[in-house]
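Chains as they are written, first to last, in our numbering: chain A, 62 to 645; chain B, 14 to 260.
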């Protein structure tokens, strides 16, 4: 096994990983950085974010507004010290990206423009048309090329963290071109591998979002926090799950049921007029909108299609010019993939799994409980998102906490790390390689990767969807445990060392099974309804018992153990979430 | 009524086993709303898990799934089965070495992309606390089109000049350099010039325009290259007319 010596290994080269790498390079250009990713940086799923990134910049807005929108949006499960830090650093980070060339959309006078998003009292979402994540990712990637200390390892699939006596010493990864396993020996590691939407069958998430980094940290002993909170975005295209940005409602789009009725007024989000207006109707938070769809469906007021029931997102009143200027990608996606031009027809949409609020448990400096191990972006849980993330906070989050992870790791690497027994590190790396080789060389086996993945997906959709209950979650965890057993008998047909996606797919599936179990078990234990976690058998929020973060601890043999830690409340006491007319 | 099916002829190549690439035929169900990528995923999941290819977003923005479908470079996630005949031939992108099956080696492209210094060289250094650089919508419109490149490599696959001359910097990288050169916040044109205006840069382009025809994001790299030629020529003459003026 080849050993690559570096100071800081970063796993994942999307928005958070790139931002972290640049932060390290700026703190100390002599620190060697290995930026490791299973895909080329510009393929990372940050690329698919559409609507924008939140940061207070305009005179009519305030930090207080951003704070309260975020905390209430998260149903008071956010750590308020983290939120405060986040909202204050947000404008500087977004401005920095502007200085690096991000083509933000502009006001006539040349200032950066903002648009409204769901759950926001004042419009504060910076946007680059409806391709914000794309532009942000490419700006970061292109800027990263300035720094010679950032060495990229594209298409290296990370498998295991090397943790000895509570300290991280590096990571092992498969070079996909050759199949060789390498040890990245480093003073610290930053995980920035994104979310795990692919554990569900219907998701906006790209194929690569399989929770590898989450699972890697989890297996290394870091708990996964608040995994029961999975965000359904209310507007995905049926069939493919392609995201239609919340920006389309921010610009004035409306949602109607099969009768052409703006049904959100029946779910504490009305009255419908005047429209558009903030924190009401279609600009309510994502959890409420997705839940309203579920109720409409139960009432038989949705529209049935070959790909499940839908409602209509109607943008026609915006007119062609505005749609072309502000939402060109929405028009293109809808026209190509379902043959509906939103200038002339309403777009059929349904709720779709979009974002994992939970993730690797970190503090506000992106540090985990393992010394020298950091995490940032969607794979991490700081927690600023609580029980429901506010739309357009996640792009900002990966900048703010990506940068903090980079600075924290740089400081850690610079202050002279004590030597550790090299033999122990080599032995741990060897064990990781052996595990991969064992899987790779296995013959026989009766379970296919695609078959197991489908069963896992189905179990999650049936058991841990928008609404859950004791029965469905219990069945889901049992099925997942069976799938975990069946996985031991997985069949690997491809025996080539070169770009073996059969092997990578099997490793990704292993990660997803672990992450799915953390989600389902955390959801089973939380006997209340809060934000995106809705229990039919426990419909009320229960602050006395559950105003706390869940922590799922990995178990090599069975389902995870769940315990809890406190929520940091500083200046906003839990209250009722109020949207629509009642808040005005 | 039996379900309609189509045939995919997919180019296979495993350097560890095959002396040369060969086609393998798969029969897959036809669905009116499927893209070629859906059909390939069907092969992977149901018929042959050894098939290797890249994909992720399935919405034409990550740029992973460029391949040759019936002779044309396309994104597999944006090429609909309904637009093709009963039999579809699928090959890896041209002008790149094949790593395995539909996966090409893209090192050369990555090197070229970074060679043009595709990052902002600021007109004036400004602290983030002093806010953003102002840029009017008209100034943004000057270069916006050239920011849309998703690095899918279709233009390199289509480019006859890149096929002939491997050193050619190529359409996407030159378009990206042009994007920064046109940005009102940028003054980096002179530092990009040594690559952009070199013998391997814009002057290598013979203006066939195939790059712009296949671009799935209508970036129009051919136009970017022609505009750069004009700007570069201007620089060249200015050097004689006004030698005191820094480029």
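Note that beta-carbon positions come from the ideal geometry of N, C-alpha and C, so glycine has one too.
Judged by DSSP secondary structure, residue 113 of chain B falls within the beta strand (DSSP E) whose first and last residues are 111–113. Residue 196 of chain A and residue 532 of chain A have their C-alpha atoms some 44 Å from each other. Below 8 Å, enough C-beta pairs join the region 52–70 of chain B and the region 556–571 of chain A to call them touching: three or more.
Within chain B, 69, 70, 72, 74, 75 have C-beta atoms less than 9 Å from the C-beta of residue 109 of chain A, given in sequence order. The region 136–149 of chain B and the region 76–86 of chain B do not touch, with fewer than 3 CB-CB distances between them shorter than 8 Å. Rounded to whole angstroms, residue 584 of chain A and residue 534 of chain A show a C-alpha spacing of 7 Å. With 16 or more neighbouring CB atoms inside 10 Å of its own CB, residue 168 of chain B falls in the buried class. Sorting A:151, A:254, A:103 by C-alpha distance to the C-alpha of residue 456 of chain A places A:151 at the top.
Look at residue 181 of chain A here: in three-state DSSP terms it is coil, with no helix or strand label. Within the model, the alpha-carbon separation for residue 190 of chain B versus residue 21 of chain B is close to 38 Å.
Interface criterion met: the Cβ of residue 156 of chain A is under 8 Å from a Cβ in chain B. For the options A:310, A:554, A:79, A:180, the alpha carbon positioned closest to that of residue 377 of chain A is the one of A:310. Here DSSP, grouped into helix, strand and coil, assigns residue 131 of chain B to coil. The Cβ atoms of residue 68 of chain A and residue 99 of chain A lie no closer than 8 Å to each other. Within the region 202–238 of chain A, the complete beta strand (DSSP E) segments at least 3 residues long are 211–215, 217–225, 228–236, listed from N- to C-terminus. Using a CB distance below 9 Å, the part of the region 395–410 of chain A facing chain B consists of 397, 398, 399, 400, ordered along the chain. Taking all protein chains in view, the Cβ of residue 458 of chain A is crowded by 16 or more other Cβ atoms within 10 Å, so the residue is classified as buried. Assignment of beta-bridge partners to residue 101 of chain B by DSSP yields B:21. Within the region 17–38 of chain B, 27, 28, 29, 30 place their CB atoms closer than 9 Å to a CB of chain A, listed in sequence order. Contact check between the region 140–156 of chain A and the region 112–124 of chain A: three or more CB pairs, one atom from each, fall below 8 Å, which counts as touching. Residue contact with chain A for residue 113 of chain B: present (Cβ-Cβ distance below 8 Å to some residue of chain A). A direct Cα-Cα distance of roughly 27 Å separates residue 182 of chain A from residue 607 of chain A. One finds 126, 127, 130, 131, 132 in chain B with Cβ atoms closer than 9 Å to the Cβ of residue 206 of chain A, taken in chain order.
The beta carbon of residue 126 of chain A sits closer than 6 Å to those of 182, 183, all from its chain and outside the five residues before and after it, given in chain order. Residues of the region 542–558 of chain A with a C-beta atom less than 9 Å from some C-beta of chain B are 552, 553, 554, 555, 556, 557, 558, listed in chain order. Between residue 234 of chain A and residue 220 of chain A, the C-beta spacing is below 8 Å. Proximity of residue 99 of chain B to chain A, defined by a Cβ-Cβ separation below 8 Å, is not satisfied. By the Cβ-count criterion, residue 133 of chain B is buried, with 16 or more other Cβ atoms from all chains shown falling within 10 Å of its own Cβ. At a cut-off of 8 Å, the C-beta of residue 295 of chain A has no neighbouring C-beta in chain B. The beta carbon of residue 174 of chain B sits closer than 7 Å to the beta carbons of 181, 217, 218, 219 from its chain, once the five residues preceding and following it are set aside; these are given in chain order. Going by beta carbons, residue 419 of chain A and residue 248 of chain A fall outside the 8 Å limit. Beyond the five residues adjoining it in sequence on each side, residue 242 of chain B comes within less than 6 Å, by CB distance, of 215 in the same chain, given in chain order.
In the structure shown, residue 36 of chain B falls within a strand segment according to DSSP collapsed to helix, strand and coil. Considered as a whole, the region 275–352 of chain A harbours 291–297, 315–317 as its complete beta strand (DSSP E) runs of no fewer than 3 residues, in chain order. Neighbours of residue 164 of chain B in chain A, taken as residues whose beta carbon is under 7 Å from its own, are 103 in chain order.
The C-alpha of residue 550 of chain A is placed about 17 Å away from the C-alpha of residue 58 of chain B.
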